[in-house]
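Colleague: Shown below is the structure under consideration.
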Amino acid sequence: MIVLSCKDIHKSYGIDVILDKITLSINEGEKIGFIGANGAGKSTLFKILTSQLDHDSGELFIDKSKRVGYLSQDLSLDLSNTIYEETLQVFSNLLSLEKSLKDLETKMREPYVASKKEYHDKVIKEYTLSSDLYNNRGGYTYKAEISRILKGLGFMEEDYDKPISILSGGQKTRVALCKLLLNNPDVLLLDEPTNHLDLDAIEWLEDYLKSYKGTMFIISHDRFFLDAITNKTFELNNGHVDSYNGNYTTFIDLKKKNYAIQLKAYNLQQSEIKRQEDIITKYRSFNREKSVKAAESRQKSLDKMNRIDSPNSDPRETKIKFETEIKSGNDVLHIENLSKKFGDNILFENLYLDVKRSEKIALIGENGRGKTTLFKIIMDKISGDTGIKILGKSIFVGYYDQEQSNLNAEKTIIDEVWDEFPKLTTTELRTSLAAFLFLGDDVFKVISTLSGGERCRINLLKIMLSKSNFLLLDEPTNHLDIMSREALEDSILGYDGTVIVISHDRYFLNKVIHKILELNKDGLKEYLGNYNYYIEKKKNPQRFQIEEDQVGISKTQVNLDKKRKRDSDKLEKQKKIDLKTLEDKISSMEQGLEKLNNDLCLEEVYSSPSRSVETNNQILSTKSDLEYLYSNWESFLSEIE
């Protein structure tokens, strides 16, 4: 059943056409990835679908029986609320019911007066109905659900009382996402939901959305996320939408096959056109009436031919190519016993690292652990508290700053690049800028007016022109569309220098990285593989062990490790059994509570003051016991997760 569709949707701003005759339909339960270049109009279409923006022409249909939830990049939060208060707004109806139930409980404690029988009956009936409604709407579980989602998205309990007004942009986005998930709409429209999430939070969100029963329409540049969640892909290209069955990787395969088919058809037609043109030229060279007519006839047929457009690659694709001017020595970086703290906050200590030429390394770890700080220590922008850091011979560092702090906001694009590379000729400079999609008068735009993606491209261009042999890249794929990400990946794969990259882009990490370094408080832990290898190794430390160096590990130590693993598995199994027992007890008590509420409606109960009071006391006692069990249940879930 179609839940959302649009036909011939058109939107333009003056002479700039954003959307041109967009036609698409989404069936109930579909999980669709929506991709396209930055500025192609994806967010504009979402705003039209949610009535935040009017379309110029076309037809729009949304099933009125479905609730639509939208996570936009423009947030609407009450800055005066705390994080927890803001999430509670989702359950305003339950909060009203709670107040009503408390008022009714107060009334039910009043002494029974026979002359007020109708009043007492009415109170009991209202309480029973309100209690059932409260239970059915999740009144006994919503607080646990708030906590589960907040923690899943990276908030700690000590964060709950923080005012929205002091949060960073990323934290505000996570609060808005939490509210949206708690609303549990039938149709989810998500615009870059993984922005500002660390790897743990992204993986949690993936697991959550995999079990989501509704319909999803997702704008994202996170290809790993799209592969995990979606079963269909829409591509917005030059104002039109093309549909592909399958996730992002399937879409890429299908697009390559379609391109090959289109290219073959185009080449065949071009060959036929050339053959016909040669025949026409030959007929005309005879300069006879019959041959001239034959030439004209063939020319008419050729003019009527439905020409196939050349399936060339998108002209907006960024052309990135990293090269080194000087080859470095084999020893690129040596770090020994490095530590860093700010005040009482220890970022890391006992950090050891050796980097060799041509290595492609990823540096990962929780937000705030000090990954960017480590980059700044390597570049001598700040110093470590203890330890040593030595760069090898002939090392020239190129640094990509995710904050874009190295750009002068007052300069134009062309001046920003030219001032750093004054030896470039005008032609060389304009050619380089054009390769990064800065064409014509675009080069005279002031940096302060640019989007995040445009600033990102300027920094990547400057790194490319520097021809450094050691690249430190801090979240280089942020703000880049998928085409630019793939161009960056291909460039790094072909680069003969050394790379250390901080990134949450798992698709990127899988494609270009050969070693992952996990930064924690006690230093670095090394994983000799890409992101998939890292995940498998985290889940099962014994996997791939045969392939790794076990020199120095005694048989006794191996047996001890195996015993610890068995004990750990046994403990986890027992926790799951205890959880099941607890859930069964909660279910039984909920049934008992429902029976007590029903008993209040029986004449033999409500007509007897003593039995009515006794039943009401049992209800209050049962609810108190349930609250305790719910608290234990939430703790169990946290331990297992």
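Residue numbers for the sequence shown follow our numbering, so the first one is 144 and each next one is one higher. Each residue gets a CB set at the ideal place from its N, CA and C atoms; glycine is no exception.
Enumerate in chain order the residues of its own chain whose CB-to-CB distance from Val644 is below 6 Å, with the five nearest sequence positions on each side excluded.
Modeller: Ala505 and Leu616
Colleague: In chain order, which continuous runs of the alpha helix (DSSP H) of length 4 or greater are located wholly inside the region 416 to 454?
Modeller: 432 to 447
Colleague: Should the region 362 to 378 be called in touch with the region 168 to 178, which here means at least 3 C-beta pairs below 8 Å?
Modeller: yes
Colleague: Buried or exposed: Ile785, going by 16 or more other Cβ atoms within 10 Å of its Cβ?
Modeller: Residue numbering for the chain in the displayed model covers 144 to 784; residue 785 lies beyond these limits and cannot be assessed.
Colleague: My understanding is that Leu494 touches Gly530, with C-beta atoms under 8 Å, so please give their C-beta distance in whole angstroms.
Modeller: 7 Å
Colleague: Given a threshold of 16 other Cβ atoms within 10 Å of its Cβ, counted over all protein chains shown, does Asn683 qualify as buried or as exposed?
Modeller: exposed
Colleague: Can you find the residues in the same chain that come closer than 6 Å, C-beta to C-beta, to Gly541, ignoring five residues on each side of it along the sequence?
Modeller: Ile606, Ser609, Ser611 and Leu614
Colleague: So, helix, strand or coil for Cys744, using DSSP?
Modeller: coil
Colleague: Please decide whether Asp562 counts as near chain B, where near means a Cβ-Cβ distance under 8 Å.
Modeller: Absent from the structure: chain B. Only one protein chain is present.
Colleague: Start and end of the beta strand (DSSP E) containing Asn663?
Modeller: Lys658 to Asn663
Colleague: By alpha-carbon positions, which one of Gln413, Ser386 and Glu559 ends up nearest to Asn551?
Modeller: Ranked by Cα distance from Asn551, the first of Gln413, Ser386 and Glu559 is Glu559.
Colleague: Going by the DSSP bridge assignment, what does Ser258 pair with across the sheet?
Modeller: Answer is none; Ser258 lacks a bridge partner.
Colleague: Give me the residue from Val211, Asn510, Leu517 and Pro306 with the minimum Cα distance to Leu325.
Modeller: Val211
Colleague: Determine the burial state of Pro336: buried for a count of at least 16 other Cβ atoms within 10 Å of its Cβ, exposed for fewer.
Modeller: buried
Colleague: Helix, strand or coil for Leu794? Go by DSSP, reduced to three states.
Modeller: This structure cannot settle anything about residue 794, because the visible part of the chain is limited to 144 through 784.
Colleague: Kindly confirm or deny that the region 247 to 258 and the region 289 to 302 touch, where touching means at least three C-beta pairs closer than 8 Å.
Modeller: no
Colleague: Suppose only complete runs of 4+ residues qualify. What are the alpha helix (DSSP H) ranges in the region 557 to 645, listed by chain order?
Modeller: As far as the region 557 to 645 is concerned, its whole alpha helix (DSSP H) runs of at least 4 residues are 569 to 578, 595 to 609 and 625 to 636.
Colleague: By the 10 Å Cβ neighbour count, where 16 or more other Cβ atoms means buried, how is Pro619 classified, buried or exposed?
Modeller: Pro619 comes out buried.
Colleague: If you follow the beta strand (DSSP E) that Tyr543 is part of, which residue opens it and which one closes it?
Modeller: Val540 to Tyr543
Colleague: How about Arg291 and Leu237: are their beta carbons less than 8 Å apart?
Modeller: no
Colleague: At a cut-off of 7 Å, is Arg291 close to the ligand ADP when judged by its beta-carbon and the heavy atoms of the ligand?
Modeller: What this structure holds is no ligand at all, so the ligand ADP is not there to describe.
Colleague: Please state the DSSP three-state secondary structure of His647.
Modeller: Correct three-state label for His647: coil.
Colleague: If you draw a straight line from the C-alpha of Ser363 to the C-alpha of Asp633, how long is it?
Modeller: The straight-line gap from Cα to Cα measures roughly 20 Å.
Colleague: Select from Arg450, Val384 and Phe564 the residue whose C-alpha is nearest the C-alpha of Leu406.
Modeller: Arg450
Colleague: Quick one: residues in its chain with C-beta nearer than 6 Å to the C-beta of Asn868, no 5 flanking neighbours on either side, listed in chain order?
Modeller: Examination of residue 868 is not possible in this model, given that the chain is present from 144 through 784 alone.
Colleague: Contact defined as beta carbons within less than 8 Å: I believe Leu188 pairs with Leu162. What is the distance between those atoms, to the nearest angstrom?
Modeller: 6 Å
Colleague: Keeping to the same chain, check which residues put their C-beta closer than 6 Å to that of Lys398; ignore five residues upstream and five downstream.
Modeller: none
Colleague: Please report how far the alpha carbon of Asp562 lies from the alpha carbon of Lys588, in whole angstroms.
Modeller: 15 Å
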